[in-house]
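If you're matching them up, the sequences are chains C and H in order. 93 is the number that UniProt numbering gives to position 93 of the first sequence; each next residue is one higher, with no gaps. 178 is the number that UniProt numbering gives to position 178 of the second sequence; each next residue is one higher, with no gaps. Where a beta carbon is used, it is the ideal one built from N, C-alpha and C, also for glycine. First the structure, in the form of structure tokens, and then the observations on it.
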Amino acid sequence: MRERAKGISIDKLGLVDEAVASLAAKRLRSVLTAAGTVLGVGVLITVVGLTSTARAQIDQRFNALSATEVTVSQVADPVTVRSLAFPPAFEQRVQQIDGVEQAGLVWQLPQETSAVSPTQVLGVSGQRDSGVGVMAVSAGALNVARARVREGKLFDPIVDRAEARVALIGSLVADRYGIHHLESSPAITVNGTSFTVIGVMDSVERHSELLNNVLVPAFTARRLWGDPRGSTSPQGWVSVERGAGQVVADQLAHAIDPAAPQRFDVTPPPDPRVLGNAVNADITRLFMLLAAVCLVVGMVGIANTTLVTVLERTGEIGLRRALGARPAHIAFQVLTEATITGLVGGAIGSLLGISVILAASLSADWTAVVPPEAILGGPVLGACAAVLAGVYPSIRAARVQPLEALRVGT
Amino acid sequence: MTTSESLVRPHGPAYRIQGAGRRFGDASSPTSFEALRDAAFDIPSGSLTTIAGPSGSGKSTLLSLLGLIDRPTSGEIVVDGVPTATASDKFRTQLRATKMSFVFQSFHLMSSRSVLENVMLGGLYSGLSRAARMERAADRLARVGLESKARKTVATLSGGEKQRAAIARALVADPQILLCDEPTGNLDSKNSGAIVELLVELQSGGLTLVMVTHDPSIARVGSVQLRVKDGEVRRDA
Chain C
1 MRERAKGISI DKLGLVDEAV ASLAAKRLRS VLTAAGTVLG VGVLITVVGL TSTARAQIDQ
61 RFNALSATEV TVSQVADPVT VRSLAFPPAF EQRVQQIDGV EQAGLVWQLP QETSAVSPTQ
121 VLGVSGQRDS GVGVMAVSAG ALNVARARVR EGKLFDPIVD RAEARVALIG SLVADRYGIH
181 HLESSPAITV NGTSFTVIGV MDSVERHSEL LNNVLVPAFT ARRLWGDPRG STSPQGWVSV
241 ERGAGQVVAD QLAHAIDPAA PQRFDVTPPP DPRVLGNAVN ADITRLFMLL AAVCLVVGMV
301 GIANTTLVTV LERTGEIGLR RALGARPAHI AFQVLTEATI TGLVGGAIGS LLGISVILAA
361 SLSADWTAVV PPEAILGGPV LGACAAVLAG VYPSIRAARV QPLEALRVGT
Chain H
1 MTTSESLVRP HGPAYRIQGA GRRFGDASSP TSFEALRDAA FDIPSGSLTT IAGPSGSGKS
61 TLLSLLGLID RPTSGEIVVD GVPTATASDK FRTQLRATKM SFVFQSFHLM SSRSVLENVM
121 LGGLYSGLSR AARMERAADR LARVGLESKA RKTVATLSGG EKQRAAIARA LVADPQILLC
181 DEPTGNLDSK NSGAIVELLV ELQSGGLTLV MVTHDPSIAR VGSVQLRVKD GEVRRDA
């Protein structure tokens, strides 16, 4: 009796069983093989998570600072160039707008009128110093800048309106002039007029240029040297509540001078989302490149270990071929082992990555943000990377001839 | 597999060897070596055939050709009425999976896995389900006297036990032909005798058993005794 030889239907689950049993039998080897995936996926998840966390943090920072300040400047006008468009009641008018917190005026005095020299300071001669500028600032402007003094005090509206001959300096200017204490009432001469230093600032949250200048009250400056002119266009600084920047900017010019709003150029705060997205795109690109490099290194590790494993198992593979395994069965088993390794390695890598994100966020007092797709995608990514890495070793394994079983031990 | 490649029920000999030879390397090369030449003999179905000869005589080469894990460079090897010399790899693999099995001198067991898992492997590629493989493996282990060792790892077995486990693995797929390459080569005389007894007992159930040995006393148990010397095969009995 003759019968056609039909193709054998292999129990695929049996092949998967074999793959799992082979991995379990060589635990240390399996762990080392998975280490590449653990590292690659772990770094990737960490990078994605930290980028998301940092993005949220950057958004908060932008909202807190950049998005809460509106600046307004005086438009250059040949007719009114010598007069100050900002009214004396600028700060009071602006503060009537909903959302405004603080407002103040500031302008830089031209160099020819601001020759500075320290006087009445022990050990310092009264030489002119062209390296330090002079700025006229109102008390409100200092509040907008969130200036803090190391010693002494800031201007207040009373001092400002009293046209007092007082000055504020930054700590760098104080060091430059050797002004270490205010008990001796040190003074600075600006264009022949002496100003008593009443405060030394050590920090500002906005407008760091304040720290490099001698600051005199705006009313005093106007009394002594007249309205700002030329290139020293005055600016109004307005701090606003979060989210109110654009609304305040729309009303500002009319609030300052309803009769001539065209004399003011209002600059609303930058959109934090646009700015934040631009920064985040750069960071994400950089970090993803780093993560991709890690994943490729991990894949090379898997490929290398799997290939070495295949070479070590030549006898076993030859035995399987002698027992009737086709090359496809051998390739399937090697790829299945790689897939399981990658899947488990990816899952462990995801857990490690999330742990790192949580730890980093906790230590920096940030809110951890872990994209859900990163959690689910980690094991899948690990499996895919392992399958790719396992292709060449599986081809090599499939080429082993059954004759090897007689030559090599298992 | 082509349409001419078909399995035949054993009405004739298990093997018909027709002028088979095996040369390693190009015939024109001075390093070429003819391990087997012009072999011609039959191995009846259900027989116990021994192949004896000194080391390097070509015994293992002949066994590789019979087991379809190597191809002859000349002649034909007909297995159960089916010519195989020029058959496709897929067809030859299928014949190996369904008709024959192997017992090796060095056991070829996976030492870090259990005895049961090793034995079950013998039926994986012949299409048996997991349950069937497990059932048969337990049965074959009982037949070779290792049922109590099923859950042990191979590394814990003695040499004789390892060869019994290898024999059990070879029997899981119910082969018609069992090819043994020096099955007592790594065993002491006591275990050698026991393994030969086991193989003879199994063969008496209708199995075609081909056994390579360099031990003349074992060679004498064969109903067909072949001797290989310098690549030439001669029938002793």
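Length of the line joining the Cα atoms of C/Val344 and C/Ser355: 17 Å
H/Gly21 versus H/Val224 - alpha carbon distance: 20 Å
As assigned by DSSP and simplified to three states, the class of C/Gln102: strand
8 Å Cβ cutoff, C/Ala19 in contact with chain B: Protein chains in the displayed structure are C and H, and chain B is not among them.
Beta-bridge pairing of H/Ala150 - partner residues as DSSP gives them: BP columns for H/Ala150 are empty, so no partner.
One or two residues paired with C/Val238 in a DSSP bridge: C/Val70, C/Ala103
Within the segment 153-224 of chain H, ranges of the alpha helix (DSSP H) (whole runs, at least 4 residues): 159-171, 189-203, 216-219
For H/Gly67 and H/Arg96, the rounded distance between their alpha carbons: 7 Å
Continuous alpha helix (DSSP H) stretch holding C/Asp250: start and end: 245-256
Residues bridged to H/Met100 (per DSSP): H/Ile177
Contact check, C/Trp366 vs C/Thr68, beta carbons under 8 Å: no
Nearest residue (CA-CA) to H/Tyr125, options H/Glu197, H/Asp80, H/Gly231, H/Lys99: H/Lys99
CB of C/Gly349 within 8 Å of CB of C/Thr51, strictly: no
C/Phe86 - DSSP class collapsed to helix/strand/coil: coil
Reference C/Pro371, options C/Val48, C/Asn304, C/Ser171, C/Gly382, closest by Cα: C/Val48
Alpha carbon of H/Leu199 to alpha carbon of C/Leu319, nearest angstrom: 21 Å
Any C-beta of chain H under 8 Å from that of C/Ser363: no
Sequence-distant residues of its chain with Cβ nearer than 6 Å to C/Gln102 (five each side left out): Gly140, Asn143, Val144, Ser239
Contacts that C/Glu316 makes with chain H (C-beta to C-beta distance below 9 Å): His108, Met110
Run of the alpha helix (DSSP H) containing C/Asn213, from where it starts to where it stops: Element bounds for C/Asn213: not the alpha helix (DSSP H) but the beta strand (DSSP E), 213-217.
Same chain only: Cβ atoms within 7 Å of H/Leu109, ignoring 5 sequence neighbours per side: Asn118, Val154, Lys162, Ala165, Ala166
Coarse secondary structure for H/Glu117, derived from DSSP in three states: helix
Exposure label - H/Pro175; buried when at least 16 CB within 10 Å: buried
Within-8 Å CB hit, H/Lys190 to chain C: no
Under 8 Å from the C-beta of H/Glu117: neighbouring residues of chain C: Ala21
Reduced DSSP category for C/Leu122 - H, G, I as helix; E, B as strand; rest coil: In this predicted model, C/Leu122 has a pLDDT of only 36, less than 50, meaning its place in the structure is not dependable enough to derive any value.
DSSP bridge partner residues for C/Phe195 (one or two, in chain order): C/Ile188
Proximal residues to H/Arg234 (C-beta, below 6 Å), its chain only, five neighbours per side dropped: Arg227
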